[in-house]
Every structure is written in C-alpha cells, then in structure tokens.
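Take a look at the structure set out below.
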Amino acid sequence: MAAYNHLEIEPKWQKRWNDENAFETPLLKKGDKKLYILDFFPYPSGAGLHVGHMLPYTATDVVARAARMQGKKVLHPMGWDAFGLPAENFAIKSGVHPALSTAKNILEFKRQFSQTGISYDWNKELNSSDPAYYRWTQWLFELLYERGLAYRKNGLVNWCPKDQTVLANEQVVGGKCDRCGTTVVQRELKQWYFKITDYADRLIDDLDTLDWPEQIKAMQRNWIGRSEGAEVDFPLVGHTEAITVFTTRIDTLFGGTFLIIAPEHPLVESLTTSGQKNDVASYLEAVTLKNDLERTDLAKDITGVFTGSYATNPATGEAIPVWIADFVLGHYGSGAVFADAHDERDFTLAKRMGIPLKATLLPSDGKDAEAIRSLECCFSGQGILFDSQQFDGLTSEEARPRIIEWLAEKGLARKKVTFRLRDWLVSRQRFWGAPIPIAYDKDGGEHLIPENQLPVELPDDAQFLPTGQSPLTLAIDWKRYTDPETGQEWQRETDTLDGFVCSSWYFLRFPTPGLSDKAFDSELVQEWLPVDMYVGGAEHAVMHLLYARFFTKVLFDAGLLSFSEPFATLKNQGMILGPDHNKMSKSKGNVINPDVVVAEYGADTLRAYEMFMGPFGTEKPWSTKGIVGVRRFLERIWGLSAKVNSETPSDAENRILHKLTKKVTGDIEGFRFNTAVASMMEALNSLSELETISKDGYIRLLILLNPFAPHITEELYSQQGEKGLCSLAEWPSYDENFLVEDEVVYPVQINGKLRSRLTVPADTSDEELMKLVMADAKVQEHLAGKEVAKQIIVPGRLVSLVVQ
RNA sequence: GCCGGGGUGGUGGAAUGGUAGACACGCUGGCUUCAGAAGCCAGUGAUCGCAAGGUCGUGGAGGUUCGAGUCCUCUCUCCGGCACCA
C-alpha cells in the first residue's frame, strides 16, 4: 500500500465533495431533527486566516459533520460581514475600492476554508455589502422607524478623531475606539439612534433562558446595568418645582443633608443664586475643560460648588443645600442625587467643603460604631438604621420598601428602575455601509424612502476618504432625491449605518440568502431557527450579541418571528496563542499560517491537532512540536489497515470500539473535542496490540474519526472497497453489552491509602470479593491482625477498608 | 470596588466524590542503521531505596467523608469584563 500522502489525497476528496454537492442543505420535513450550526460571520480581512481563526470553524465543522452522519438535517452556512470600518480603513490604506478588496479577500477566505475541508454549504453564502442584502438592512431600519424605535436627536456623542466618525457606547472600550485604539472625544451632534433601551428589561430577563457562557451573560447584565431603587422628590425652597433624585439607598434618606445635581442638569441655571453666580460659572467652565477621561478618572479629586439654593428633605422636612458636582452624571438616573454620610464620594465632598453630615446607619456587627457616629469614617455597607424615626432598628433591606411606601403615600417617592444602557447610536460618517434610507425636505422634515425604491445603493464613484463629513455629502447627484408623490426635491441622508446593524439579522437570511422579495422567508425561518449552536469570540459580548438579540425581539414584536431569542446555545472559543505564549501578531512574528501547516502536515492533521490541543474554550499556545504527535497518529491509522484480516470483529475489538463510539459521540456533543481525539489515540493503541482487526471494526473507527480528519478517512474508507462517501456514512451506534468488561481491577484502600490491586471476574459477588481481598498477601500485611471496623465496596470501582 | 473564569509533572492537558497525572509533546535507555533521520520497544511527578516497597504530592489554611483536584469555609494569586452608575 502506498504511503500516506496528504498532498494527493486532500485536494482529491475536496473536489469530490464539491462535485457531488455533498454538504448541500437538505429540505426539512416534519419530524426531522435539525441542526442550525453557525459561526460568527467574519469580516474578510486582507490578512487572511491564521490557525487561531480556524479553531471555531473546525469545531463547528466537526459538530456539523457528525450531525449529518447521525441523520440530522444540518444548516451550516458561511457569509461575510463585509460592510464597516475595517474594510473601509483597508481601502483607504491600500487605495483600492472596498468593494474590490472585499471581493478579493472573500476568495482567499474561501480558499482557506476549502483547503481545510470545512463543509459549508456554499449555496447559502451571503455578503452584507451586497445591495441585494443591504436592501433588507434598510428595510429593517424602516421597520424600526415605523415602530418608533429609530429616531434622530441632538446630543453628546463619542467621536473617534482618527476614524472620523461617531461610535456607539458599546464600541468605545476604556475610552478608546474599539477599532483603532484612538482616544474618543465628546461632540455635540445630531445622530440616528435605535431605542434599545425600550428592551432593557427583556434583554436582561431573557438571559436566564439561554444556554450561554456565564461570562457573556454577566457581561450583558453589567452592561445593561439594571438597578432597582426609588425616585424621591425634593421640593425646592422658594420654587414650585422639585428635584427628583434616583436612589438605590433610600434607607439612608434621613441622613440626606445635601443634594447634588450634575453640571448638565436643566435646573442649574435657575437654582444658581446671584451670590453664587461667579463660583458656579467658573466651576462649570472647569468641568467643560476636562475631557471625558479626566472626568471619569477614579483617582481625580472630588469637587463641587454650592448653587445657593435649598431643597426640602422629604423624610426630615429639613432644608438642605443644593450643590453641583461633576461626579454626578447627567445621563444616568435623573442627573441628581441626595448626598449623605454613607457614600464615600458624598462623604469626601462634604468633609472637604464643610457641608454638615449626619450618620444614620451602623454595621450590624457594631464594628467601628463610634467612628461612624462621630463621622470620622464613612460606612457605606448595608446596616441597621438609627435616627430615622419610625424606621429605627430596621436593617437596610427591611427599611427600603417601607420608606418608599411611606413616602409614596404622600406622593413624594415611587419605585423606579434605571439602566446603564443607552440607546444605540447607528449613524456613521463613513462611506462603506448601508445608506440610511431617509430623505429630508426643505424644512428638515424626515421622510422614509418608499420601500419600492430600496435599496438606496451606494454610488460607484464616491470619494471614500474620511474628511469628518460623511463622504456621501460630496456625492452631489446621488444626494438629490425627488419625492415620487409630490415631485419635491429632497436631500438624502448622507450617513451610513453602523456595520453592526447589518450583522444583527444575517442569521435570519441564511435559509434563503437569495430571496428577492423579502428579508427572510418566515416559514423557513420558523423551521430552522433559532440557531441551535452559535460559536464565536467573547469580544462581541455587548456588541453583536446584544444587538442581534434586540433585533430579534423587535421582529418578534412585529409578528414576523415566533421566537424572541436568536441563539439558543452559544460557545466561545479560547484564543490560540503563538508558540511563545503571546497573542499572535504580525509585529511579534509569531503568527502561524494554516496554509503552511496544511502544506507540511495536511488539513487533517491541522484539524485534529486544533481539536486535540486543549479544551475548546480556554486559551492555549500553539506547539510546533505537539502537532507532530497528531500527524503520527494519522499515519498509524493509515498503517492499521494492514492489520485488517477478517470481516467481523472479535470481542476484544468490539469492547474497544463500542466504548470508543460512546465516548466520541458524547464528547462531540459536549464540545469536548480534545478528549474525543485522545480517546481515539487510546483506542488505536489498544487495537495495535491485537493480532488482527476486522474490516467492520476498522470502518467504524474511520467513521468516528471522519469529522476530525475527513480526507484520510475518505481515502481509507474507499480503499476498504466501500462505495459512497465516508462523510455521509451512517454514524455507528454502540451496544451496551460490549461496554461491560469481563474482568475488573479493584483497588483496595486501607484507611484511605491504596495498598493493593485485585483483578477479579466482573460477576464476582461481594462476599467472594471480600474473601479474595482478605486473602490478599499485601492486604494481610497491612491488616497485621488489626480489626476491620468497616468495609465499603463500590461495585466495579474499589474496595475500602477501615481498620482500627 | 463589583461581576465572571482559572491555578494539577519539564510542556499542552486528563480525571460521574472512588487507582491523580489519561492522551500527546519532550526527555532517557535499547533495537534497527555504515551513519543520521524515521520507525519500533521500555522508562519518565518528587523523594528515600539495589530492590520489594515506603513517604510526600493538584496555589495556601482549615473542615465534611471510609475516601477530596472534585463538596464546604477562609485565604493568596493570575486572567477577562464593568466602574465616580447614586
């Protein structure tokens, strides 16, 4: 038999799969088991894929291939997240139009997927920058607009000076642009938003129904930041109005000795008395000079200024001063807080400015009580109330609902939930995105472009260099729009949509990527969705994964979907580090290119090694040495065919292979690919010890290995004279009878220490077993005439003796 | 500060409360070879011992249990996320 030559085998079988359309998505019939298994669709970057990128794609491919063989109907598609900043920035750098560079990169990505034997159904391919696709992105914008969920407003926004565009909050990471790392500045601009805050509650609550990593769910919960508390009104002395504050700590209300409002608060001007005018003005000026980073720097000094006005604490009836301080944020809660001795920031400000404080809370263990009473230190935990009238002696938790109720009767407070989440800013001052399907009349009135005129296509000849203005503002002809009804000349919106808008619904389009009269086919979507298994990186936790959930809920509310969560199960891959244990990067020179690995070891070795390296979800370094072990394994699988010498398996062979079947089947289902591969190596080691093996057994082994190493198994399968494709063979079942060993090794523990091992027939009774144990020489030595106080027999596992 | 996830040989990593270190890399010795490579066989947690065998061992300290890497309490440390959010 010829030696194992991956260079010959792999292209051969890839061609055959392709020619036979082997992985075409089947039609679903009633009663079919389906699996929609999806990767986060990638941005086709000019750098191509490295071995780290291949990890999730290989994992989903293993699951998809195994599922097909198990008789499930599988939808396993791939598409391109081709609109957006990265593609446009690449275009600017290279001077090539993003449409052209994207098309080229897609071909390269497809080549890399194909050479790795990934079994996508390319009939389902889609591209978010294709007008036939973004026509429906625009349609969805209109749907949101009509439902009151898309609106335009003036406000402070995040601006990236390098990318020359605004960004959503989710796309600012640590004060920096998520794309280029430039420090983001605040600007006052009129922009388009999606009202994701309307869905804040549901976006949190429905997380409980999802089979997602805890980490991602926690990140979404933190990001949405629901906090349950109360709104309390503080009537202003000498005004008819009141200041409303939001608090989660109404238990400290009796100690509320001053109020603080944000510098942006609308009442700042009317509350500032003439005597305080100068102080307030200079404070406000100092605040505007600080950028956002300085203002949110934790180490910075806590500062504030007195307005000169007073409000009434609704609990005590006392008049308390109203201050302005920049640590109070205009956009959170009501932009105002009441301040007391049980908050570190309030405490610090009061001490510094000489504002009176009053302690009303002590820790339940009484620790540091004197220091807290005398205001030497600040206690900000949950405790027991004092000096709080009828609420004295209650715990913080007990007091809160009662104080709310007490004030609610007087109309001065009510329960309130606030969120950290802010609306999704979706307009971008960039070229390479879906144009926002809006036109403005002479008076600035907004009009949706009628559906029959979608898509609003990008002009071919536009300048796409960023200038701070949307590049489309320069497309004079394109901008001109004539309203078909009135014949009036309007101007098109020149901002484009955030690329994350395109990716918020693509999973709905995969069943029917070419559909021309609808965004998606409700019937097929109903059959295939939700996505059963969604695999990608954790970096999208509060971006794509949040936006896609929001869109799904909107479409559910619109009656277009029957489910309100798009992704039933989510898995995150761990990062593959370079051999030097550092993150792979061009500058470190530690990037491993799959093309090189495929050429040297073959796609099967690459795939099986990626799966073998370690648990799917954890970070792990690439080992140029380690991959050799997997190549050796495949060579030994190849060589094992020389031992095939009979039709039907021996009992010993059956025990090995049926046990393996159970293990591999379960491990693939549980995403434990590393132990699946290890168990196949183990089985190979055991089979190698047998004189001969059977053809049936060998074929069973090939089928189990096929999802991991599809090419070599196809080759060996056909060498055994099998017709058809191994990739489409029926997945084997296992017979429990073969899982039972006929001999069992019993470790014997004496006082918890392993002292002996006994090999006995599996059907040995407990009494017989104990007789054998007691007769064992080593056991006798350790008993040495002592009493056995207790004996424990765990059937099939061990014997434990307690000796006194 | 809050939330989430880790810490097991020289390395990557295995272990439904039941033989810690499967599987693989690396290393050591042997066979094969003119030689090397490859392959095959044996060994490989630490420590004491010629050996049989003993002792120790899953970040640390306690606890539950006949038995703990696994469960409980406390603690150290690393990684990721959020953070003047009232």
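In numbering that gives the first Met the number 0, the protein residues as written are 0 to 803.
No residue lacks a Cβ here, since even glycine has one placed at the ideal position from N, Cα and C.
Just so we're clear, the structure is a prediction, and the values are computed from it rather than from any experiment.
Between the CA atoms of residue j and residue i - distance to the nearest angstrom
| i | j | result |
| --- | --- | --- |
| residue 245 | residue 230 | 5 Å |
| residue 239 | residue 319 | 16 Å |
| residue 763 | residue 684 | 29 Å |
| residue 413 | residue 513 | 52 Å |
| residue 421 | residue 287 | 22 Å |
| residue 678 | residue 686 | 12 Å |
| residue 48 | residue 620 | 17 Å |
| residue 581 | residue 464 | 35 Å |
| residue 17 | residue 143 | 40 Å |
| residue 468 | residue 393 | 59 Å |
| residue 357 | residue 419 | 30 Å |
| residue 166 | residue 50 | 31 Å |
| residue 750 | residue 797 | 13 Å |
| residue 323 | residue 232 | 17 Å |
| residue 161 | residue 83 | 15 Å |
| residue 72 | residue 30 | 11 Å |
| residue 661 | residue 715 | 22 Å |
| residue 549 | residue 501 | 13 Å |
| residue 402 | residue 342 | 19 Å |
| residue 748 | residue 761 | 19 Å |
One or two residues paired with residue i in a DSSP bridge
| i | result |
| --- | --- |
| residue 230 | 245 and 413 |
| residue 439 | 445 and 490 |
| residue 813 | The chain is shown from 0 up to 803; residue 813 falls before or after that span and cannot be answered. |
| residue 318 | 311 |
| residue 608 | Bridge partners of residue 608: none, in fact. |
| residue 151 | 191 |
| residue 253 | Its beta-bridge partners do not exist; DSSP assigns none. |
| residue 335 | 260 |
Exposure of residue i, with buried meaning 16 or more beta-carbon neighbours within 10 Å
| i | result |
| --- | --- |
| residue 793 | exposed |
| residue 311 | buried |
| residue 776 | exposed |
| residue 146 | exposed |
| residue 336 | buried |
| residue 280 | exposed |
| residue 149 | buried |
| residue 2 | exposed |
| residue 804 | The first residue shown for the chain is 0 and the last is 803, placing residue 804 beyond what the model contains. |
| residue 734 | exposed |
| residue 6 | exposed |
| residue 415 | buried |
| residue 570 | buried |
| residue 106 | exposed |
Three-state secondary structure assigned by DSSP to residue i
| i | result |
| --- | --- |
| residue 22 | coil |
| residue 678 | helix |
| residue 103 | helix |
| residue 4 | coil |
| residue 423 | strand |
| residue 733 | coil |
| residue 433 | coil |
| residue 362 | coil |
| residue 620 | strand |
| residue 692 | strand |
| residue 383 | strand |
| residue 804 | A query on residue 804 cannot be resolved here, the shown segment of the chain reaching from 0 to 803 and no further. |
| residue 533 | strand |
| residue 326 | coil |
| residue 499 | helix |
| residue 726 | helix |
| residue 62 | helix |
| residue 451 | helix |
Rounded Cβ spacing between residue i and residue j (contact assumed at less than 8 Å)
| i | j | result |
| --- | --- | --- |
| residue 788 | residue 803 | 5 Å |
| residue 834 | residue 429 | With the chain running from 0 to 803 in the structure shown, residue 834 is simply not present. |
| residue 527 | residue 35 | 5 Å |
| residue 770 | residue 692 | At roughly 38 Å, the Cβ-Cβ gap does not stay under 8 Å, so residue 770 and residue 692 are not in contact. |
| residue 206 | residue 220 | 7 Å |
| residue 536 | residue 490 | Not quite, the Cβ-Cβ distance comes to about 40 Å (not below 8 Å), so this is no contact. |
| residue 700 | residue 656 | 6 Å |
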